[in-house]
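Read through the structure below, which is laid out as structure tokens, and then see the notes.
Residue numbers (the working numbering): 91 to 524.
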């Protein structure tokens with residue numbers, strides 16, 4: 091399988107792009123993790139990876155979106171991006187996730203990539219603005235991997251994204267990338283409407299046949315002004331996702347990313363561990379994209395390294411999240427998050443100004459934390475990479491106590507946090523199309 095994956099990388103993509111990926115994302119990315127570990131030993135903090143929402147505008151209106159896509163356009167301008175990326179690179183960072191809105195609606199997005207050839211960018215996009223011309227320019231730059239969202243079959247995708255013709259337009263963007271030999275990814279926010287269609291071996295095979303090099307399954311988050319809890323995954327489905335990802339990694343010549351588990355199958359949250367934090371289109375520094383409360387900004391006068399290192403708000407968030415769950419705090423405990431933000435007098439970073447009220451009405455939903463059902467990595471490559479670069483960095487060892495955990499009651503079953511030996515074991519339904 092690893093030989094087939096390497097063969098695909100060499101034959102189906104531009105070799106220069108593969109070399110830049112291995113250098114910038116591979117070598118320099120792992121070095122950024124090592125520097126992060128060294129900082130933690132000194133009692134200092136700066137996340138090794140940053141996710142940056144460069145613009146709020148988007149051409150789609152997706153179910154469950156938390157971004158103010160209809161508001162007046164706001165974006166991080168070139169000067170602010172240069173300053174922020176420069177300060178992060180000075181700390182050893184080499185990888186940046188670029189989000190929106192729709193990132194390719196930022197008029198200077200290609201110039202940002204062009205000015206920072208010593209960094210690697212993963213762009214979360216719907217693909218609608220990746221024309222053949224744009225894809226050719228991305229190939230010239232060599233330091234960008236587009237990660238294009240596919241949210242279901244044609245009908246389901248159009249419903250999820252709020253427009254007609256979305257699926258075909260996104261597929262066109264994928265083909266433009268692949269035709270120009272880019273390292274192209276496809277991501278899906280798994281929910282009730284697309285679970286059976288996209289969490290299946292046939293879909294993985296189709297991506298490979300198309301020339302897609304990696305895929306990424308996210309879990310749907312019940313957040314935003316119009317949350318839809320009916321789309322949330324059940325505990326059984328969360329477990330099925332983990333089982334599917336682990337199995338496919340040993341079988342298919344395509345990289346499969348997940349952001350919710352370590353090498354031994356323990357659940358984690360990248361924001362709780364300090365692996366990454368998020369920058370909003372307005373420059374606010376947030377724990378993660380779906381938690382829209384902040385105390386600091388990239389526009390503060392202090393250097394970015396000082397802002398991250400001295401932020402009581404971000405430090406206390408990491409401790410709060412790690413103390414109460416190994417899963418997603420906004421899914422499981424929106425009540426805790428709301429109280430925490432109020433105690434810190436955190437600013438609502440949305441334009442709509444209703445983030446506190448939105449949290450107040452949210453109900454608890456299951457997340458990836460499913461104690462007693464951990465599924466370790468079967469692939470030795472993924473196991474080694476996660477052991478080195480994607481774990482809890484001591485956050486849960488220091489803070490987590492299962493007695494603090496208040497499990498979610500759901501149609502899939504009930505947990506008893508005070509009695510871990512008696513946890514209800516959730517079986518993966520054999521009829522699930524996984």
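Note that the Cβ used here is the ideal one computed from N, Cα and C, for glycine as well.
On the CB-based measure, 16 or more other CB atoms within 10 Å of its CB, does residue i come out buried or exposed?
| i | result |
| --- | --- |
| residue 451 | exposed |
| residue 501 | Note that residue 501 has pLDDT 42, beneath the 50 cutoff, so the model's placement of it is unreliable and the number below is only indicative. So residue 501 ends up on the exposed side. |
| residue 516 | At residue 516 the pLDDT is 36, less than 50, meaning the model places this residue with poor confidence; the figure from the coordinates comes in the next sentence. It is buried - the Cβ of residue 516 has at least 16 other Cβ atoms within 10 Å. |
| residue 93 | exposed |
| residue 393 | exposed |
| residue 207 | exposed |
| residue 474 | exposed |
| residue 235 | buried |
| residue 245 | exposed |
| residue 354 | exposed |
| residue 109 | exposed |
| residue 495 | buried |
| residue 463 | buried |
| residue 306 | buried |
| residue 319 | exposed |
| residue 470 | exposed |
| residue 117 | exposed |
| residue 389 | exposed |
| residue 96 | exposed |
| residue 105 | exposed |
| residue 143 | buried |
| residue 457 | buried |
| residue 272 | buried |
| residue 445 | buried |
| residue 482 | buried |
Would you identify the three-state DSSP class for residue i, choosing helix, strand or coil?
| i | result |
| --- | --- |
| residue 396 | helix |
| residue 503 | At residue 503, the pLDDT of 45 sits below 50, so the modelled position is not reliable; the number obtained from the coordinates is stated separately. Strand, per DSSP. |
| residue 321 | helix |
| residue 331 | helix |
| residue 212 | strand |
| residue 155 | coil |
| residue 481 | coil |
| residue 353 | coil |
| residue 388 | coil |
| residue 465 | coil |
| residue 492 | helix |
| residue 269 | helix |
| residue 453 | coil |
| residue 410 | helix |
| residue 429 | helix |
| residue 358 | coil |
| residue 262 | helix |
| residue 402 | helix |
| residue 447 | helix |
| residue 339 | helix |
| residue 424 | helix |
| residue 498 | coil |
| residue 415 | coil |
| residue 458 | coil |
| residue 282 | coil |
Return the chain-ordered list of same chain residues with a C-beta closer than 7 Å to the C-beta of residue i, the five sequence neighbours on each side being excluded.
| i | result |
| --- | --- |
| residue 200 | 227 |
| residue 241 | 247, 250, 251, 278, 279, 284 |
| residue 479 | 120, 123 |
| residue 203 | 211, 231, 233, 234 |
| residue 442 | 158, 315 |
| residue 485 | 362, 363, 364, 408, 412 |
| residue 416 | 356, 357, 358, 459, 486, 490 |
| residue 220 | 194, 236, 263, 266, 267 |
Which one or two residues does DSSP pair with residue i in a beta bridge?
| i | result |
| --- | --- |
| residue 277 | 239, 306 |
| residue 376 | 368 |
| residue 438 | 383 |
| residue 345 | 304 |
Excluding the 5 residues preceding and the 5 following residue i in the sequence, name in chain order all residues of the same chain whose CB lies nearer than 6 Å to its CB.
| i | result |
| --- | --- |
| residue 386 | 375, 397, 401 |
| residue 185 | 115, 119, 139, 210 |
| residue 164 | 146, 371, 372 |
| residue 431 | 383 |
| residue 466 | 354, 355 |
| residue 78 | No statement about residue 78 is possible, as the shown extent of the chain runs from 91 to 524 and does not include it. |
Who are the Cβ neighbours of residue i in its own chain at under 8 Å, not counting the five residues just before and after it?
| i | result |
| --- | --- |
| residue 384 | 370, 374, 375, 376, 403, 436, 437, 439 |
| residue 448 | 313, 314, 315, 317 |
| residue 468 | 336, 337, 339, 340 |
Using a beta-carbon distance below 8 Å, is residue i in contact with chain C?
| i | result |
| --- | --- |
| residue 131 | Of the protein chains in this structure there is only one, and it is not chain C. |
Can you list, in chain order, the stretches of the beta strand (DSSP E) that have 3 or more residues and sit fully within the stretch 216 to 254?
234 to 239
List, from N- to C-terminal side, the alpha helix (DSSP H) runs of 4 residues or more that fit wholly inside the stretch 284 to 324.
Within the stretch 284 to 324, the complete alpha helix (DSSP H) runs of at least 4 residues are 285 to 288, 291 to 300.
Please give me, in chain order, every unbroken run of the alpha helix (DSSP H) with length at least 4 that falls completely inside the stretch 131 to 213.
168 to 180, 199 to 205
Of all the alpha helix (DSSP H) runs that stay within the bounds of the stretch 96 to 136, which reach a length of 4 or more residues?
105 to 110, 118 to 131
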